[in-house]
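Asks:
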DNA sequence: TCAATCAATGAATTTTTCTCATGATTAATA
DNA sequence: TATTAATCATGAGAAAAATTCATTGATTGA
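Chains as they are written, first to last, in my numbering: chain S, 964 to 1265; chain D, 964 to 1265.
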């Protein structure tokens, strides 16, 4: 009488939402149409509330049904991940470390951490999400990822942040660009430039949030490019300027005619952090990954 | 073969964690000890991994078991809330609007929104969490609350913020306090004062984060008090000073010998927001609550 | 060593779930 | 409009799963 909602109920609700009809949903779930009907009927009688109503030859969710659907969409993915995790445990795996990257230019750096980690922890799988669209903190909190690499610190007691290494965001220009002789650029300098960035919102680009927006300035034009290699090539070809971490500049400095300029007289200084859920603090392989990230960070910036 | 983890499994795992022995857990779950043993045994055989090992006469979780425990602690509360919600639907309720308050002095103001809301939406239950310890954003994202009232905006695509009303944080002092003649106070002025605040971390007190800390100043002493009535009484009795919203000062201004002073020459201006999950944007009673909050906010500050 | 405590196990039983066959309703079609 | 196809609901019976009971084996503490 206490526990009413079972996994199967959520599965049925989601199935109907996805496949419109009970009959089709039943095929997907490898059950008879009748079985689903009975199952939901029973839940309805226990709760005393209708979950759907037959609208013509189709079903339509009631408020209750829609509530259950949202519950299903939230809970089933977690259970499914649980199922997969259990299978992995049985294969001697300890689990999957799902990493989210919010610092797009940091991908190269991440590889330096990943390779040794994979060797030291053969029983841990890695899954790196480098999506331009995903919301880092949400997916961390929703257990879609386990570790987030980000330059943005937020206030949240349930998360643990560890600083990895400091870096400076610099403006990269061609060597014979008109700004190249300057020791640093001002926001006004950028008003006549074409700015190249990754294809994410300006609220997630430090050049905007920490430099341009406070001053009210805008670049003459703003183009988005997915890949930083191409971005730098375009800068070298005097097709625009871009803001990247100083260590990334260093990698291309010798091979391309580019120059790095400070953003503002003091420079735009950032720090990279790992973020994990506080509850995962004692998981050995997560701890190990963070430590190893710090190590690589230290040798890198020295 | 696809779905392995059932609610009952999580229930059993959590029961054992809570009550140490299988026998006791079985009593709580109104099942026989044998039933639990069989159920887990079956899950083990399906996944091919041990969940616990018999350690002497007790059980000890394996890695897998601990993983399942954390899953249980995360998922079961959501299902339990689902169960309760279904019961409410059957009673004609639409659901429970669970509100989290992060602005401690705003409680009085909230009541003005709540009372009309309860009348307009008799089919919605209200549950207000005014905990000094709870983490507002976490509980919102974890579906422990549905609406958060907070002065702190954070960056998160999955949440929707709505500004309710602006207010000014002012320093409240006794009328014959030595600072009373001033038109505003500086951070240095506070270095000789006893500051009274709510019992939350200084990182969640604007007087610290937005006033004292940037200047490096500290009050002579810092005392915490749970209740703002007592706080104001103590201020009137010259036992200290406190920072509260200007509208709260207005309520006591006539009955107590107190005075409000700006914090810094410009004053410390804040805005109150409601935060909801973007996914809940279309829920009618949530929309209604936010609208009604804005309305009350407007009449209040006019 | 003995009694007590606890988990595991197998067999029997109860309960639940599922299917099959069928009916009822609706929507499309001839 | 009559016909047909599609869809969900329902009841009875069959199959499967969960639960209990009774017992065993292991461990601990007295």
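Note that the Cβ used here is the ideal one computed from N, Cα and C, for glycine as well.
(1) Residue 999 (chain D) versus chain S: which residues are under 8 Å apart at the beta carbon?
(2) If we ignore side chains and look at the alpha-carbon of each, how far apart do residue 1170 (chain S) and residue 1070 (chain S) end up?
(3) Please specify which runs of the alpha helix (DSSP H), each continuous and at least 4 residues long, are wholly inside the region 1128-1205 of chain D, giving them in chain order.
(4) DSSP has residue 1232 (chain S) in a bridge; who is on the other side?
(5) Taking the alpha carbon of residue 1048 (chain D) as the point to measure from, which residue in S:1050, S:1057, S:1034, S:1049 has its own alpha carbon closest?
(6) Cutting at 7 Å between CB atoms, please list the residues of its own chain near residue 984 (chain D), excluding the five before and the five after it.
(7) I need the DSSP call for residue 1256 (chain D), collapsed to helix, strand or coil.
(8) Look at the alpha carbon of residue 1267 (chain D) and the alpha carbon of residue 1203 (chain D), and state the distance between them as a whole number of angstroms.
(9) Under a Cβ-count criterion, where at least 16 other Cβ atoms within 10 Å of its own Cβ denotes burial, should residue 989 (chain S) be classed as buried or exposed?
(10) Using alpha carbons as the reference points, say which of S:1160, S:1150, S:1194, S:1029 lies closest to residue 1179 (chain S).
(11) Between which residues of its own chain and residue 1012 (chain S) is the CB-CB distance below 8 Å, once the five residues before and five after are set aside?
(12) Which complete alpha helix (DSSP H) runs does the region 1008-1057 of chain S hold, if anything under 4 residues is left out?
(13) Starting from residue 1077 (chain D), trace the alpha helix (DSSP H) in both directions and tell me its first and last residue.
(14) Tell me which same chain residues have a C-beta within less than 8 Å of the C-beta of residue 1244 (chain S), skipping the five on either side of it?
(15) Whether or not the region 1217-1224 of chain S and the region 1234-1241 of chain S are in contact is what I'm after, with contact meaning three or more pairs of Cβ atoms, one per stretch, closer than 8 Å; do they touch?
(16) Grab me the residues of residue 1014 (chain D)'s own chain with a C-beta within less than 8 Å of its C-beta, minus the 5 sequence neighbours each way, in chain order.
(17) Measure the alpha-carbon distance for residue 1265 (chain S) versus residue 1146 (chain S) and round it to whole angstroms.
(18) Please tell me whether residue 975 (chain D) has its Cβ less than 8 Å away from any Cβ of chain S.
(19) Between D:1165, D:1183, D:1255, which has its C-alpha nearest residue 1176 (chain D)'s C-alpha?
(20) Using DSSP's beta-bridge definition, name the partner residues of residue 1225 (chain D).
(21) Just checking, does the region 1076-1094 of chain S make contact with the region 1054-1063 of chain D on the three C-beta pairs under 8 Å criterion?
(22) Let's test the definition: count the other Cβ atoms within 10 Å of the Cβ of residue 1001 (chain D) and tell me whether it reaches 16, buried, or not, exposed.
(23) What's the C-alpha gap between residue 1183 (chain S) and residue 1132 (chain S)?
(24) Use the C-beta contact count for residue 1246 (chain D): other C-beta atoms within 10 angstroms, 16 or more gives buried, fewer gives exposed.
(25) On the DSSP letters alone, give me the boundaries of the beta strand (DSSP E) that residue 1091 (chain S) sits inside.
(26) Please state if the CB of residue 1259 (chain D) and the CB of residue 1125 (chain D) are separated by a distance shorter than 8 Å.
(27) Any residues in the region 1223-1256 of chain D with a beta carbon nearer than 9 Å to a beta carbon of chain S? Which ones, in chain order?
(28) Hey, residue 1127 (chain S) and residue 1206 (chain S): beta-carbon distance below 8 Å or not?
(29) Relative to the C-alpha of residue 1261 (chain S), which candidate in S:1199, S:1039, S:1059, S:1210 has its C-alpha closest?
(30) CA-CA distance, residue 1234 (chain S) and residue 1065 (chain S)?
(31) Using beta-carbon positions only, say whether residue 1060 (chain S) and residue 1109 (chain S) come within less than 8 Å of one another.
(32) Please list the residues of the region 1087-1111 of chain S that have a C-beta atom closer than 8 Å to any C-beta atom in chain D, keeping them in chain order.
(33) By Cβ distance below 7 Å, which residues in the same chain neighbour residue 1152 (chain D) in space, the five residues on each side in sequence not counted?
(34) Find the residues of chain D that neighbour residue 1053 (chain S), judging by a C-beta separation of less than 7 Å, and give them in chain order.
(35) Give the single residue among S:1193, S:1083, S:1085, S:1113 whose Cα lies nearest to the Cα of residue 1062 (chain S).
(36) Output the distance between the C-alpha atoms of residue 1248 (chain D) and residue 1016 (chain S), rounded to the nearest integer angstrom.
Replies: Considering the structure as presented:
(1) The premise fails here: residue 999 (chain D) is roughly 15 Å from chain S at the closest Cβ pair, so nothing lies under 8 Å.
(2) 19 Å
(3) 1191-1199
(4) The partner list for residue 1232 (chain S) (beta bridge, DSSP) reads S:1131.
(5) Nearest of S:1050, S:1057, S:1034, S:1049 to residue 1048 (chain D), Cα basis: S:1034.
(6) The beta carbon of residue 984 (chain D) lies closer than 7 Å to those of 1021 in the same chain, with the five residues before and after it left out.
(7) helix
(8) Nothing in the structure corresponds to residue 1267 (chain D), since chain D is present only between 964 and 1265.
(9) buried
(10) Residue nearest to residue 1179 (chain S) within the set S:1160, S:1150, S:1194, S:1029 is S:1150 (criterion: CA-CA distance).
(11) If we look at residue 1012 (chain S) and ignore the five residues flanking it on each side, its Cβ neighbours are 1025, 1027.
(12) 1026-1053
(13) 1070-1083
(14) Around residue 1244 (chain S): 1123, 1250.
(15) no
(16) Sequence-distant partners of residue 1014 (chain D) (beyond 5 residues in either direction) whose C-beta falls short of 8 Å from its own C-beta, in its chain, are 976, 1003, 1006, 1007, 1024, 1025, 1027, 1028, 1031.
(17) Residue confidence for residue 1265 (chain S) is low, a pLDDT of 48 falling below 50, so the modelled location carries little weight; the figure read from the coordinates is stated next. Taking the straight line joining both Cα atoms gives about 23 Å.
(18) Taking Cβ atoms only, chain S never reaches closer than 8 Å to residue 975 (chain D), which makes this a no.
(19) Nearest C-alpha to residue 1176 (chain D) among D:1165, D:1183, D:1255: D:1165.
(20) Answer by DSSP bridge pairing, in chain order: D:1133, D:1147.
(21) no
(22) The residue in question, residue 1001 (chain D), is exposed, as its Cβ has fewer than 16 Cβ neighbours within 10 Å.
(23) A straight-line Cα-Cα distance of about 20 Å links residue 1183 (chain S) and residue 1132 (chain S).
(24) Answer is buried; the Cβ neighbour count reaches 16.
(25) 1087-1092
(26) Against a cut-off of 8 Å, the Cβ pair of residue 1259 (chain D) and residue 1125 (chain D) comes out as no contact.
(27) 1242, 1243
(28) no
(29) When only C-alpha atoms are compared, the closest one is S:1210.
(30) 13 Å
(31) yes
(32) 1098, 1100, 1101, 1104, 1105, 1106
(33) 1142
(34) 1010, 1011, 1012
(35) Considering only alpha carbons, the answer is S:1113.
(36) 22 Å
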